Amino acid sequence: MRLRTTTAAIVAVLAVTLVGCSSDEGGETEADATRSTVAEPSSASDDSASDDSASDDSGSAESAGIPPEPTGAERDAVLAAIRDVNGNLTHDEDKAVDAARNQCSSLDGGGSDPDHSAAQRFSYDGVTLTDDDGRHINIGLRKTLCPQS
11 MRLRTTTAAI VAVLAVTLVG CSSDEGGETE ADATRSTVAE PSSASDDSAS DDSASDDSGS
71 AESAGIPPEP TGAERDAVLA AIRDVNGNLT HDEDKAVDAA RNQCSSLDGG GSDPDHSAAQ
131 RFSYDGVTLT DDDGRHINIG LRKTLCPQS
């Protein structure tokens, strides 16, 4: 029994030792080579890069028909329109506003059945809506967040 334990321990130590050794004679690993070829941005270009990406994101959202996130009275009006259909939909206000913004793209994009799309988009957190509920949501969104253009 002692011989088996000793043999197993020696095999384990050798395996760890061999795995720890590298056959790379150059001394530079692939990760080091990648790090040395990637230029690090300066802090000035870092700020402008983040500004560019933020404007790119908003531009892509607008081109997809998604309006900017409403604030203040406009946000309250959107939430009230959704609450009129089903009060449980606004327990998570951010989720409801995101769904409303996404629904605007369906309304403006001329989806084949925007009422069904709204019913599916707003069916979450145990709430299941009908196409008629979706139609009422769309009416509320047209009056608030995404008026017909």
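Each number in the numbering used here comes from the position in the sequence shown (counting from 1) with 10 added on.
Virtual Cβ for every residue (Gly too), placed ideally from N, Cα, C.
Quick caveat: nothing in here was measured; it's all calculated off a predicted structure.
The alpha helix (DSSP H) that contains residue i, what's its start and end?
i    : result
Q158 : Per DSSP, Q158 belongs to no alpha helix (DSSP H) and is neither H nor E.
L117 : E103 to D118
D135 : Counting along the chain, D135 falls outside any alpha helix (DSSP H), and DSSP gives it neither H nor E.
S122 : Element bounds for S122: n/a, residue is neither H nor E.
For residue i, which of helix, strand or coil comes out of DSSP?
i   : result
G81 : A small correction: the amino acid at residue 81 is Thr; Gly does not occupy that position in the sequence shown. If DSSP states are grouped into helix, strand and coil, T81 belongs with coil.
I76 : coil
N96 : coil
S63 : Only weak support exists for where S63 lies, its pLDDT of 43 falling under 50; the value from the coordinates is given anyway. Helix at S63.
Do we get a CB-CB distance below 7 Å when we pair residue i with the residues of chain B?
i    : result
C114 : No chain B is present in this structure, which holds just one protein chain.
When you compare each of the options to residue i by their alpha carbons, which one comes out closest?
i    : options                  : result
R131 : T81, P77 and K105        : K105
A128 : N112, G136 and L13       : N112
D123 : V137, L139 and G144      : G144
K153 : T17, R12 and D86         : D86
D94  : P78, L139, G121 and H126 : L139
G121 : E103, G97, N148 and V107 : N148
H101 : L13, Y134, A18 and I20   : Y134
G136 : Q158, T81 and L99        : L99
E79  : N96, A91 and A110        : A110
I92  : S116, H146 and E84       : H146
P157 : E103, N96 and E84        : E84
Which whole-angstrom value is the C-beta distance of residue i and residue j, which I expect to be below 8 Å?
i    : j    : result
C114 : L89  : Not confirmed; about 15 Å, so no contact.
D118 : G75  : 4 Å
D141 : D125 : 5 Å
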